[in-house]
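Numbering (full-length UniProt numbering), first residue to last: 1 to 1185. Please read the structure below before turning to the comments.
What follows is the structure, given as structure tokens:
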């Protein structure tokens, strides 16, 4: 049986026999062997033979043209024929109308189609005459290498080119025989035999035999995509599969079910809702519900269509839902990954949210109410607050190993990007295969494949860079003039999305942003209209920005003025991004130098992700910024900024405003062109040598070139580290995630270099990050996160914490943020009245007419009875001894013990001899810990309050009020005694004008009064013990137990005293601790004796534990105390050394002259600004010169 015929048909089939035509004349009814024209041609050939032999070769110009035949050249005639089939297929990836015609001898293609799609054409050796219903057609052109895609299978053939035909391609018998085509006219099907033996079948659904496009897969003819038609279904195939990630709705604790009434709708809207419900029910995406939750529905028009989609108003549910903090990708970071990509494919999932199930227990929370009943979603629905986060989590888990390599995912949008078509073919197949494995389906009509320019997230990305999507920009340009603040915010929000494309965006938008300020009135003036129009104009003319290449150097141009800060990021003369912002209120007072430096800092902050770890150059029109690294005098703001700048590998160059290649609208000044010069300071050279940084010297060099050698040293030692070698071995088998090797062979963990276990290298890194002038001793947390950006090793966090903890400078300077050390240690309750007393002085009072300026406070420890004795601070020890005998001993006898502080009055020789003679023991409180004598301190506070009240009511003569204050204190109720001190002493209440009737004479004599006194004494002692226990219980809650051992080393807390006190700031830059000192002896539970140097011989050597801090590592050299004159009370005075600068500051009402002062024990960098008038009053000698 001939190849072009089919097998015997089935009973219900009517197969059209293949008609054979003569290849000589084209007529039917005979074959070429019996053609009447054959004899004529042979006779003519014999006549021409001698002539051809004379010429030496055949004369082809005289050969008769070939004959051909075609029955249908229009779609109308083809549709009426019973033995043809018409359909649409792809030819060389272009759609074409193709006719399967068994009555045509050859296969044809229209010239217009071939030329439109640049198909290869060539001339035939002999022309061909084709018999058609419209007459004879002559052609001498043939189309070679034509590939027709049918059901994903490529069929190749050659086609004759003719002009008068409105069908793109006609496949005749020459091609049908070659492909082994079988046509079933009854069923309107066509079967073709592929080269690999596979049979491909297509069918028509209309009586005309037309193969509709719907019968052809949309993916046919698209490379790679055609192999995955199941990924692009017309509808989602039912419920999604069970996945590792389910959508959860977690509510705030205590949330009760919320039920809301349905919204009213028009009848036509109800019909649309019913239609949506029926569709969702059929797919299983919703189900009838009996949930206590209920939310109303509304209809929202789909984009660019009149179709309305039913949505549920879940705002009330979202308010009580715990927000999922899973991060959505930063859009600008996504675009940065596309640098260098030339081929793109974009895939948009079909109803992406409906491809994720809801956790069964959370399904009732999605219930919505309609006219037709209550329903609930079984799949994730639009409008739920956490839907984007959960779907982003799903997509990231699916494509985790492809992200940042050749795939970008943002919720349900997938972008595949590659540099070559070969890579793209492989990567596209991987992505489609991953979608197939996870049963995720895409919408073909929204997908794009094999394109060189893609619209993605409101931008157009191509090989040339990134630009604003014109369709999105038109939304801004068509924005109506705002009439309310909400519309202003909306416009600025949308326009601000593209601010990286607009130079000086903040300056242009300033008139509009001023309307958003607090208490600003809405007034739309010409300034706002001009800004509004300019922003719209800039968006329509926005440039194409290049995408950053991390392997190339970055250039940053910065400028600043009173209008704001502006900067441009560039590479190789192409703009990557613009950035700008308005000045804050306090920045308006910045001097020009600080303002220009602020622009540099602004650029480094916003583009840190580009510039950190990369070589970059900064250009500014402020020349002095070139020397910011070598300036000796920097204010606190500049020091803070310099700390940030030192993290970057950068050079600052002076670029005159007139020579700026970037349009600099902020610049106001014009400078003469000057050559870039940078002299290498000697100190900076030494610093670079210490950092192991190589540099090239130039006599008048434009810039110095630094080459770090630390990375090379790390690379060499990595080879000898056992743990890192194991990681290298795992890398060979892809079993070391997040680790990689660069071209030089350096091992990296993510973007952090792996530091080998070499003490010298690690100590160098830790030292540079902590001890240098560019780091200034950060805390362990900050230091760790600074190092974490660049370095990695096992136990790095612990190493950083240990390094900071044992830093001698940090221990001496930094304050402790802990509870006070030392638990409360109450003194033992006294046995009898006035056997143990405490005493102290209140000083600094106004001098009275009698010469008093202080009060001597003496308190009995048992009864709390107090005596207030007016004295003068110049009283000698002998004078105080005289007062003590007349005012205390004469009334209460000689006490056994006296507790006082270490004031000079109580440590004098006269005072000591007096009490030795009276057999009274002196007990002193711990040095610089007044809490030891808490009783007297508390009494002092009460007395000071009483005196203030007396001063208000009776004038400032406080010594005349002192007896009344003493009387008032002694008859007042004491919580610890549960009675007044007077009653505790005399076992009865004091007679006063208020309580005279309660103190009538009571006849008590002999043993009764003694027994009563002893009973009252026991009650007082018991009450004091209870009070001590109560005080200790709540005091220890705010304290921590701290103890040391003998031979431990500790730091001693000191306090600076500065002569000038401005804004209540005193000695802020002073060291907090000195030492360390060795512990010689433990005194009691919370006091220690220290081994002090000779320079502190005037200081008592016993200290409370709260004044000490443990030294974790004893330094080899102790910080010198020379020049630090520590007083007996552990304070030292800071004095101004010199005036560095004088400036005039403008306040709201006046101008104040300020001096920048360097203090003793501090460097110039730690200088402070002080008022000139206060300095002159306190230190006139400072202004002598």
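Note that CB positions come from ideal geometry on N, CA and C, so glycine has one too. None of these values were measured; they are calculated from a predicted model.
Check: Using C-beta distances below 6 Å, list every residue in its chain close to residue 622, excluding the 5 sequence neighbours before and after it, in chain order.; Outcome: 596
Check: Would you say the beta carbon of residue 405 is closer than 6 Å to some non-hydrogen atom of the ligand FMN?; Outcome: The ligand FMN is not part of this structure, which contains no ligands at all.
Check: Span of the beta strand (DSSP E) holding residue 577?; Outcome: 574 to 581
Check: Please list, in chain order, all residues of the same chain as residue 873 whose beta carbon is under 7 Å from its beta carbon, the five residues on each side excluded.; Outcome: 843, 853 and 854
Check: Can you list, in chain order, the residues of its chain with a C-beta nearer than 6 Å to that of residue 1173? Leave out the 5 residues immediately preceding and following it.; Outcome: none
Check: Are residue 139 and residue 161 closer than 7 Å when you measure CB to CB?; Outcome: yes
Check: Count the other CB atoms within 10 Å of the CB of residue 233; is the residue buried (16 or more) or exposed (fewer)?; Outcome: exposed
Check: Considering Cα atoms alone, identify which of 224, 496 and 863 is closest to residue 428.; Outcome: 224
Check: Answer with buried or exposed for residue 1145, where buried requires no fewer than 16 other C-beta atoms within 10 angstroms of its C-beta.; Outcome: exposed
Check: Would the stretch 254 to 268 count as touching the stretch 342 to 362 if we require 3 or more Cβ pairs under 8 Å?; Outcome: no
Check: To the nearest angstrom, report how far apart residue 756 and residue 764 are at their CA atoms.; Outcome: 13 Å
Check: Is DSSP giving residue 1073 helix, strand or coil here?; Outcome: strand
Check: What's the gap between the Cα of residue 838 and the Cα of residue 923?; Outcome: 9 Å
Check: For residue 113, collect the residues of the same chain with a Cβ closer than 7 Å to its Cβ; drop the 5 residues on either side in sequence, then sort them by chain order.; Outcome: 96 and 168
Check: By a C-beta neighbour count over all protein chains shown, 10 Å radius and 16 as the cutoff for buried, is residue 636 buried or exposed?; Outcome: exposed
Check: For residue 342, name the three-state secondary structure that DSSP assigns.; Outcome: coil
Check: Drop a sphere of 10 angstroms on the beta-carbon of residue 631, count the other beta-carbons inside from all chains shown, and report buried for 16 or more, exposed for fewer.; Outcome: exposed
Check: Below 6 Å CB to CB, which residues in the same chain sit around residue 1177 once its five sequence neighbours on both sides are set aside?; Outcome: none
Check: Using C-beta distances below 7 Å, list every residue in its chain close to residue 1110, excluding the 5 sequence neighbours before and after it, in chain order.; Outcome: 1044, 1048 and 1050
Check: I'd like to know if the stretch 594 to 609 and the stretch 563 to 572 are in contact, where contact means that at least 3 CB-CB pairs between them fall below 8 Å.; Outcome: yes
Check: Could you have a look at residue 365 and say whether DSSP puts it in helix, strand or coil?; Outcome: helix
Check: Run through the stretch 735 to 816 for me and flag every whole beta strand (DSSP E) of 3 or more residues, listed as ranges in chain order.; Outcome: 739 to 741, 747 to 749 and 752 to 754
Check: By the DSSP assignment, the alpha helix (DSSP H) with residue 639 in it spans what residues?; Outcome: 636 to 645
Check: Can you check the stretch 420 to 500 for any beta strand (DSSP E) of at least 3 residues that lies completely inside it and give the ranges in chain order?; Outcome: 448 to 451, 453 to 456, 459 to 462 and 465 to 468
Check: Cβ atoms of residue 862 and residue 830: under 7 Å apart, would you say?; Outcome: yes
Check: Ignore the nearest five residues each way along the sequence and tell me which others in residue 1230's own chain have a CB closer than 7 Å to its CB.; Outcome: No answer is possible for residue 1230: the residues shown for the chain start at 1 and end at 1185.
Check: Where in the stretch 213 to 289 do unbroken runs of the beta strand (DSSP E), each at least 3 residues long, occur, reported from the N-terminal end onward?; Outcome: 286 to 288
Check: What residue range is occupied by the uninterrupted alpha helix (DSSP H) comprising residue 189?; Outcome: Not the alpha helix (DSSP H): residue 189 falls in the beta strand (DSSP E), residues 189 to 193.
Check: Determine the extent of the alpha helix (DSSP H) in which residue 717 is found, giving its start and end residues.; Outcome: 710 to 718
Check: Within 10 angstroms of the Cβ of residue 840, are there 16 or more other Cβ atoms? Answer buried if so, exposed if not.; Outcome: buried
Check: Hey, quick one: how far does the beta strand (DSSP E) through residue 1051 stretch, first residue to last?; Outcome: 1049 to 1053
Check: Assuming residue 1046 is part of the beta strand (DSSP E), what are its boundary residues?; Outcome: Careful: residue 1046 lies outside any beta strand (DSSP E) and carries neither H nor E.
Check: Return the residue from the list 1081, 1090, 1142 and 1082 that minimises the CA-CA distance to residue 1074.; Outcome: 1090
Check: Let me make sure I understand the geometry here. Which of 910, 100 and 760 has the alpha-carbon closest to that of residue 876?; Outcome: 910
Check: Check each candidate in 772, 809, 835 and 766 and name the one with the smallest Cα separation from residue 801.; Outcome: 766
Check: Residue 1170: which of 1181, 1150, 1136 and 1160 sits nearest, CA to CA?; Outcome: 1136
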